[in-house]
Amino acid sequence: MAEYSDVSVNLRPELLKAVHFIFKEQCNLQPGWRVLVICDSHTPQHVSTAFTGVAMSFRAEVVELRVPMAPHPAYQPGFTWDPLISSTVLAAAEHADLVVDMAIGYADFMVEIVRR
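Heads up, the sequence shown is in our numbering, so the first residue is 38 and it goes up one at a time.
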């Protein structure tokens, strides 16, 4: 029996429409805002590219950070990210007006981003 991946490599036009709605109606994204898009090695490239590209169409300054995928949630309570990753994400988030998080797993540094 054939197996089908749950991750499509095809960009659907409806995705762009949905991302535009998210940025316009839910985030009130404005020209000149600094947007940080965080994704991991499991995030489909076309999804992160759609968010980055649509944010750019709003004339926002956009940075996309792709981090390694975190371990299974059962292992996350004791999991510590490498300081290179956590310090990079925190430093970028400090300067962002909007953070779009598509990474799996919420380490301590993600909680710190929300606090700021």
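In this text, a Cβ means the ideal position worked out from N, Cα and C, and glycines have one as well. Because the structure is a prediction, the values reported are computed rather than measured.
{"Item": "With L66 and A107 assumed to form a contact (beta carbons below 8 angstroms), what rounded beta-carbon distance in angstroms separates them?", "Value": "Going by Cβ atoms, the distance from L66 to A107 rounds to 27 angstroms, so no, they are not a contact pair."}
{"Item": "Using 9 angstroms as the threshold, is the C-beta distance between I150 and D138 below it?", "Value": "yes"}
{"Item": "Under three-state DSSP, which class holds H135?", "Value": "For the sequence presented, residue 135 should be read as Leu rather than His. In the structure shown, L135 sits in a strand (DSSP, three-state: E or B)."}
{"Item": "Could you check how far apart the C-beta atoms of P120 and R96 are, in whole angstroms? I think they sit under 8 angstroms.", "Value": "Incorrect: roughly 34 angstroms between the Cβ atoms, too far for contact."}
{"Item": "Answer with buried or exposed for D43, where buried requires no fewer than 16 other C-beta atoms within 10 angstroms of its C-beta.", "Value": "Any reading at D43 needs caution, since the residue's pLDDT is 48, under 50, leaving its predicted position unreliable; the model's value is listed next. Exposed is the call here."}
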